[in-house]
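Just so it is clear: in the sequence shown, position 411 is 420 by my numbering, and no numbers are missing.
For glycine and all other residues, C-beta sits at the position ideal for the given N, C-alpha and C.
Worksheet: one structure, shown below.
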Amino acid sequence: MSRVRRVVIVGGGTAGWMTAAGLSKSLGPVLDITLVESDVIGTVGVGEAVIPLIKSFHALLELDEAEFMKAVNGTFKLGIEFENWGQLGDSYFHPFGPTGVEAWAAQFHHYWLKARRQGQETDALRRFSLEASMASAGKFTLASDPQPQFAYHFDASLYARLLRRLSEDNGVRRVEGKVVDVDAHPDSGHIQSVQMESGETIEGDLFIDCSGFRGLLIQQVLETPWEDWSHWLRNDRAVAVQTESVGAPAPYTRCTARPSGWQWKIPLQNRVGNGLVYCSQYLSDDDARKSLLDNLEGDPITEPRLIRFRTGRRANQWVKNCVAVGLSSGFLEPLESTSIHLIQNSVLRLVRMFPADGIDQTEVRQFNNETTTEIEQIRDFIILHYKVTQRGDSPYWIDCRDMEVPEHLAHKIALFESNARAVRENNEMFRERSWAAVMLGQGIEPTGYHPFVDNLSDPQLQGLMQQVKTNVARIVAASPSHQEFLRGYCAAGES
Ligand SMILES: Cc1cc2nc3c(=O)[nH]c(=O)nc-3n(C[C@H](O)[C@H](O)[C@H](O)COP(=O)(O)OP(=O)(O)OC[C@H]3O[C@@H](n4cnc5c(N)ncnc54)[C@H](O)[C@@H]3O)c2cc1C
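Right, dumping it as structure tokens:
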């Protein structure tokens with residue numbers, strides 16, 4: 010086995026620069042890292058909402074939060090507001106933190122279900138969630154006890170720029186230009202070098218394919234198959250546009266279901282990102298563009314941009330001496346903002362399993378197994394949103410509602426329908442509370458609840474519900490507005 014020292018990253022989008030930043034921070038002194046990107050080809054340019062686990066990646070990079078927020082025009086994100094998903098006119102919040110108090114045997118929603126069934130409780134679940142209540146009030150703080158759990162919204166191109174600076178500071182060499190050819194070993198098939206349009210040849214021991222949907226190395230050279238998931242997740246396009254801000258930035262992402270897809274709204278400090286994700290079998294590109302433009306709150310500041318995508322995963326993400334990270338490795342639509350998280354985990358996994366003394370197939374298999382399990386778990390959570398709709402007002406939603414889902418997901422839904430049991434398996438990323446938030450939010454009425462709840466007398470249950478609401482309301486009342494907090498903490502353009 011030959012030693013691995015020279016790493017070549019092909020692509021400088023979010024995946025490329027996250028890989029460069031993570032590898033150079035962890036293993037910089039022992040590696041020689043080159044990143045190749047083409048300004049002419051550009052990046053996908055979207056990907057502006059994330060989940061709380063990104064903080065562990067930033068901790069690895071020793072990235073100061075306020076500095077990061079300033080650099081990327083960032084805002085805070087407490088969760089996602091889903092509108093029109095269960096039924097037209099409905100809404101629910103998927104918060105990042107726990108709702109109410111949790112007993113080890115039964116999450117809070119069991120208490121809420123019993124109280125509601127007895128007629129004691131009429132408030133929606135969101136009133137018991139600190140994050141959801143803070144979001145509805147447009148507030149944010151880091152000074153409360155407990156603190157809300159949060160993630161960020163940011164400008165994708167500024168984020169790549171920030172990561173590029175960190176990577177270059179850690180010794181990463183950046184080469185601008187187009188890769189026009191790839192040289193692979195005639196016997197082993199291992200990639201040996203990439204050829205630039207300028208004539209330069211860049212040799213490497215390990216190649217990271219961050220070239221986006223085109224999969225320049227993993228697909229075009231190594232011909233690794235793609236497993237298609239469009240029969241479950243039928244959306245295949247998005248049209249995106251940026252608008253001027255209207256009012257203060259909300260501390261949450263909004264996902265509004267439309268007749269043939271859904272629309273996102275992601276507020277930054279200086280502008281708002283919007284997009285309509287849809288399925289081309291149900292909606293034409295012209296109608297999608299019109300629908301998006303008709304449903305904006307501020308004036309557009311960019312031309313609407315069409316993005317085509319494929320939902321699925323690469324059969325293997327690590328093949329020979331090439332590791333695919335980002336869109337080249339698989340894609341799940343942005344409904345729960347999980348793609349950047351998958352990039353982060355691939356980078357951390359690669360650092361953990363870095364083949365310094367040569368590529369070992371057992372490690373490669375482990376890498377591929379972990380990556381596959383992770384994306385499939387998240388896939389099922391995203392399919393859930395489509396399956397448990399009750400909408401019957403358009404062919405798109407009827408087909409979503411009536412589709413066959415993976416057996417495992419069908420089992421999870423059935424478990425919840427009977428005794429409100431939400432399960433988290435094999436340390437999957439979405440916890441019980443996330444599964445419960447979506448299933449209850451979209452109108453599943455479980456038949457039962459956990460008997461643990463009956464340990465409380467009716468007055469005790471009533472007292473618990475009241476206490477949770479009062480605590481949440483007290484913290485929200487004492488918190489500054491999100492806008493005010495941003496001004497004091499990380500206003501962009503101020504040093
Ligand atoms: C509509 C939509 C919305 C999304 N929203 C979110 C979200 O809210 N949250 C989230 O986590 N994720 C989101 N994502 C996913 C997220 O955008 C991507 O995961 C992320 O941007 C990573 O992309 P990438 O770096 O893999 O690819 P790209 O951004 O496409 O970058 C590819 C890079 O490869 C380079 N390249 C390609 N070919 C060559 C060549 N021949 N020579 C040299 N360089 C080359 C390009 O120049 C570019 O630098 C969204 C995706 C879509 C499609």
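Return yes when at least one heavy atom of ligand 1 lies under 7 angstroms from the C-beta of residue i, else no.
| i | result |
| --- | --- |
| Ala133 | no |
| Glu416 | no |
| Ile349 | yes |
| Glu383 | no |
| Gly83 | no |
| Ile42 | no |
| Thr252 | no |
| Gln52 | The sequence given here places Thr at residue 52; Gln does not occur at that position. The answer is yes for Thr52. |
| Ser289 | no |
| Leu167 | no |
| Glu306 | no |
| Thr23 | yes |
| Arg223 | yes |
| Pro343 | yes |
| Phe318 | yes |
| Ile18 | no |
| Val447 | no |
Would you decide whether residue i is buried or exposed? Buried here means 16 or more other CB atoms lie within 10 Å of its CB.
| i | result |
| --- | --- |
| Ser504 | Any reading at Ser504 needs caution, since the residue's pLDDT is 47, under 50, leaving its predicted position unreliable; the model's value is listed next. Exposed, by the Cβ-count rule. |
| Ile407 | exposed |
| Asp214 | buried |
| Gln326 | buried |
| Trp444 | buried |
| Phe494 | buried |
| Asn436 | exposed |
| Val110 | exposed |
| Val39 | exposed |
| Thr108 | buried |
| Val397 | buried |
| Ala486 | exposed |
| Ala152 | exposed |
| His240 | exposed |
| Glu57 | buried |
Find the nearest neighbour of residue i within the set the options, judged by alpha-carbon distance.
| i | options | result |
| --- | --- | --- |
| Glu434 | Gln386, Val334, Asp467 | Gln386 |
| Leu27 | Pro61, Ile89, Arg173 | In the sequence as displayed, the identity of residue 27 is Met instead of Leu. The option with the nearest alpha carbon to Met27 is Arg173. |
| Gly270 | Ala259, Val248, Leu277, Asn279 | Val248 |
| Tyr291 | Tyr405, Gly221, Gly180 | Tyr405 |
| Arg317 | Val286, Pro468, Ala152, Leu139 | Val286 |
| Arg323 | Arg280, Thr371, Thr382 | Thr382 |
| Lys34 | Glu71, Trp113, Ser427, Val255 | Glu71 |
| Leu62 | Gly221, Ile349, Arg400, Glu413 | Ile349 |
| Ser346 | Ile89, Cys499, Val16, Gly497 | Ile89 |
| Ser220 | Leu97, Leu171, Ala24, Asp295 | Ala24 |
| Asp395 | Gln129, Phe216, Ser466, Glu342 | Checking the sequence, you will find Tyr at residue 395 rather than Asp. Here the closest residue by C-alpha is Glu342. |
| Val414 | Phe390, Thr233, Ser403 | Phe390 |
| His199 | Ser11, Ser490, Pro157, Phe102 | Ser11 |
| Cys331 | Val255, Ser355, Ser427, Leu122 | Ser355 |
| Ser338 | Arg223, Ser488, Pro155 | Arg223 |
| Gly95 | Arg136, Arg267, Ser145, Ala112 | Arg267 |
| Gly282 | Ala160, Pro309, Ser403 | Pro309 |
| Asp99 | Asp164, Pro234, Arg183, Cys264 | Cys264 |
| Ala500 | Lys187, Pro258, Thr43 | Pro258 |
| Gly22 | Ala165, Gln492, Glu185 | Ala165 |
Since residue i sits in a beta bridge, which residues does DSSP pair it with?
| i | result |
| --- | --- |
| Cys331 | Phe216, Val328 |
| Tyr506 | With the chain covering 10 to 504 only, the question about residue 506 has no answer from this structure. |
| Glu185 | Glu46 |
| Gly88 | Pro104 |
| Met205 | Val188 |
| Phe340 | Gly321 |
| Arg15 | Asp41 |
| Arg315 | For the record, residue 315 in the displayed sequence is Leu; it is not Arg. Val248. |
| Ile138 | The question names Ile, but residue 138 in the sequence shown is Ser. Answer is Thr108. |
| Pro309 | Thr252 |
| Pro276 | Val281 |
| Glu236 | Arg322 |
| Thr262 | Ile89 |
| Lys148 | Ser490 |
| Ile211 | Val203 |
Should residue i be listed as close to ligand 3, given that the test is whether its C-beta is under 7 angstroms from any heavy atom?
| i | result |
| --- | --- |
| Pro313 | As presented, the structure is devoid of ligand 3, carrying ligand 1 as its sole ligands. |
| query | Is it true that the segment 240-251 meets the segment 38-49, where meeting means three or more beta-carbon pairs spaced less than 8 angstroms apart? | reply | no
| message | Pairs of beta-carbons, one from the segment 364-383 and one from the segment 322-342, closer than 8 angstroms: are there three or more? | response | The segment 364-383, when compared against the segment 322-342, does touch it at the 8 angstroms Cβ threshold.
| So does the segment 304-320 actually touch the segment 424-438, counting three or more Cβ pairs closer than 8 angstroms? | no
| Given 8 angstroms, three or more beta-carbon pairs between the segment 271-281 and the segment 71-86 | yes
| message | Contact between the segment 356-375 and the segment 405-425 is defined here as three or more beta-carbon pairs at a separation below 8 angstroms; is this criterion met? | response | Short answer: they don't touch.
| How about the segment 187-202 and the segment 226-241: do they share at least three Cβ pairs that are nearer than 8 angstroms? | yes
| field | the segment 134-141 in contact with the segment 479-493 per 3-pair CB rule at 8 angstroms | value | yes
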